[in-house]
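Chains as they are written, first to last, in the working numbering: chain A, 372 to 669; chain B, 2 to 247. Notes follow once the structure below has been shown.
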């Protein structure tokens, strides 16, 4: 596997403020790579650099072996596609008008555009009328058309920003199947999202905090290596619920009618067992995220 | 602490040819956090607008009760706080100015306002940002300010339409803690979300898709009954045989 994105000691500064500080990572060709972080962690700034929209203050960035330097942005842009859950298509335009517009922005050759459009619509299995206005399309179809638009100029890497957040489960499942087909065809996928169920689709995840990269691994390894204490699910067995002393816990969090908890000392479990059924549970990717970003047990 | 109840009985709502709600029934009462879970187009916002009397019901009925007594909506209205998907906060006003503005709007007396403001700022951890304009708050902080404004007049019912949309996991978890705190204080909290992974955080969920109710109940019980691991799987099993969701 060869490298699609190579970021070496990236710094981005805005005046006195350092938005990205000494970030280094690589993304391999054909990988689904997740890029996560709290609001203000430096994700968007990094992505703007990778898309050729912003220059690094320091460090080096390579996309498909081309170095991102001033004057080369248009070369990089031709290798990059972008799709967001929130805004990619114009609701008032038809499918064809949206695609025509995207092709014109990319200065695509008309014959090449028509061929790519046909191939992409075949790829998603869409054979309906292209004069349909986007507003009238079901959400799932809109997502797939937006994906086609981001792929029209045949980029090597596609950035997906919360691509299926809020989309119905069936449509979401279908969308990720399409993404996996793209990966099998050699495309590289770079996903940024606040939703951990989307992040679970990634081969590796990078986690940003305050402009720095604080973790990089597969979802399974992150879950396994981040937690050093057991997480428990507690279901009350008494009515009214008799809440235990919260000082017994590092974590005590309502979860529906139940609670998720980490004991300060596991020997205290017997105290709580009188009023709760207690089950060991595995941490979720969200637990991992919070543990790493907040630097606390959970 | 009084008990309030909202009962939705076989409600249909049509917009011209579109059936937004197709005979939905559900019951909400103080002491629980209810989540209305469903993808875009499920009818969640329409349901909220009907509960808030902002739209008229095509057929069916919504009843409101306090301590067992039926109340007309006009008498119930003042007990409800509503946080819409797109909040109407003022970008140029600070957190402090927002709270003062809503105090005047709701006619809250000075003593009650001082007490409530202190309590809410502690709960939201926004006390260090009092002077920051709403337009410069992060997504999570902005939502928390909206929640504070809604809680300022001590409502008995809170309706929150997709309050966690676009909020990062840490702010989202803090937001959920605030909602549970509100329930402990005796507020009936009903929220909508399009994110299946949030269903398990609710005391009771109403799963909706395409204007229909697929299931109602305690999250863990629903998953056990359906023999599935999560709500994505439950949706795939119960409804949504098509890609379309509108």
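Each residue gets a CB set at the ideal place from its N, CA and C atoms; glycine is no exception.
Open item on the list: Need the endpoints of the alpha helix (DSSP H) that residue 521 of chain A sits in, please.
Closed with: 510-522
Open item on the list: For residue 402 of chain A, tell me which candidate among A:394, A:663, A:562 has the shortest Cα-Cα distance.
Closed with: A:562
Task: Within chain B, partners of residue 538 of chain A - CB distance below 9 angstroms - done: 40, 41, 195, 246
Task: For residue 102 of chain B, three-class secondary structure by DSSP - done: helix
- [ ] Locate the alpha helix (DSSP H) running through residue 180 of chain B, then write down its first and last residues.
- [x] 170-185
Task: For residue 630 of chain A: DSSP bridge partner residues - done: A:605, A:625
Task: Interface partners of residue 1 of chain B on chain A, CB under 7 angstroms - done: Given a span of 2 to 247 for chain B in the structure shown, any question on residue 1 of chain B remains unanswerable.
Task: N- and C-terminal bounds of the beta strand (DSSP E) containing residue 648 of chain A - done: 647-652
Open item on the list: Using CA atoms only, rank isn't needed, just tell me which of A:503, A:493, A:502 is closest to residue 519 of chain A.
Closed with: A:493
Task: Top-ranked residue by Cα proximity to residue 673 of chain A, from A:428, A:400, A:373, A:375 - done: Absent from the structure is residue 673 of chain A, since the part of chain A shown begins at 372 and ends at 669.
- [ ] Have a look at B:93, B:138, B:134 and flag the residue whose alpha-carbon is nearest the alpha-carbon of residue 712 of chain A.
- [x] Because chain A is modelled from 372 through 669, residue 712 of chain A falls outside the range shown and cannot be assessed.
Task: Interface residues of the stretch 549-568 of chain A facing chain B [CB-CB below 9 angstroms] - done: 565, 566, 567, 568
Open item on the list: Counting C-beta neighbours from all protein chains within 10 Å, is the total for residue 156 of chain B 16 or more, i.e. buried, or is it exposed?
Closed with: buried
Open item on the list: Between the alpha carbons of residue 175 of chain B and residue 570 of chain A, how many angstroms are there, rounded?
Closed with: 20 angstroms
TODO: Determine which residues of the stretch 636-664 of chain A have a Cβ less than 7 angstroms from any Cβ of chain B, and write them out in chain order.
DONE: 657, 660, 661, 664
Task: For residue 583 of chain A, the first and last residue of its enclosing beta strand (DSSP E) - done: 583-588
Open item on the list: Run through chain B and tell me which residues come within less than 7 angstroms of residue 626 of chain A, C-beta to C-beta.
Closed with: 201, 202
Open item on the list: Let me see if you follow: with CB-CB separation under 8 angstroms, is residue 409 of chain A close to chain B or not?
Closed with: yes
Open item on the list: Assuming residue 478 of chain A is part of the alpha helix (DSSP H), what are its boundary residues?
Closed with: Looking at the DSSP string, residue 478 of chain A is not in any alpha helix (DSSP H), and its letter there is neither H nor E.
Open item on the list: Please classify residue 108 of chain B as buried or exposed, where buried requires at least 16 other C-beta atoms within 10 Å of its C-beta.
Closed with: exposed
Task: Pair within 8 angstroms by beta-carbon distance, residue 199 of chain B and residue 628 of chain A - done: no
- [ ] Go to residue 420 of chain A, then tell me how far its alpha helix (DSSP H) extends in each direction, as first and last residue.
- [x] 414-421
Task: Inter-residue Cα distance where the pair is residue 186 of chain B and residue 615 of chain A - done: 18 angstroms
Task: Collapsed DSSP secondary structure at residue 466 of chain A in the structure displayed - done: helix
- [ ] Provide the residue span of the beta strand (DSSP E) that contains residue 380 of chain A, from first to last.
- [x] 374-385
Task: Contact under 8 angstroms by Cβ, residue 40 of chain B with residue 210 of chain B - done: yes
Open item on the list: Is residue 209 of chain B close to the ligand FAD? I mean its beta-carbon at under 7 angstroms from any heavy atom of the ligand.
Closed with: With respect to the ligand FAD, the structure offers nothing, as it holds no ligand at all.
Open item on the list: With a threshold of 8 angstroms, are at least 3 pairs of Cβ atoms found where one atom belongs to the stretch 161-173 of chain B and the other to the stretch 188-207 of chain B?
Closed with: yes
Task: Contact list for residue 389 of chain A against chain B, beta-carbon separation under 8 angstroms - done: By Cβ distance, chain B contributes nothing, its closest Cβ being about 18 angstroms from residue 389 of chain A, past 8 angstroms.
- [ ] Kindly indicate which residue of A:591, A:574, A:621, A:634 has the alpha-carbon position closest to the one of residue 655 of chain A.
- [x] A:591
Open item on the list: Please report the distance separating the alpha-carbon of residue 585 of chain A from that of residue 576 of chain A.
Closed with: 11 angstroms
Task: Beta-carbon proximity check, residue 52 of chain B vs residue 37 of chain B, cutoff 8 angstroms - done: no
- [ ] Taking only beta-carbon positions, decide if residue 667 of chain A is within less than 8 angstroms of chain B.
- [x] Confidence is the limiting factor: at residue 667 of chain A the pLDDT is only 45, short of 50, which leaves the residue's position unreliable, though a coordinate-based value still follows. No, residue 667 of chain A does not count as interfacial toward chain B.
TODO: Could you spell out where the beta strand (DSSP E) holding residue 35 of chain B opens and where it closes?
DONE: 34-38
Open item on the list: For a contact defined as C-beta to C-beta under 7 angstroms, what are the partners of residue 89 of chain B on chain A?
Closed with: Simply none; closest approach about 20 angstroms.
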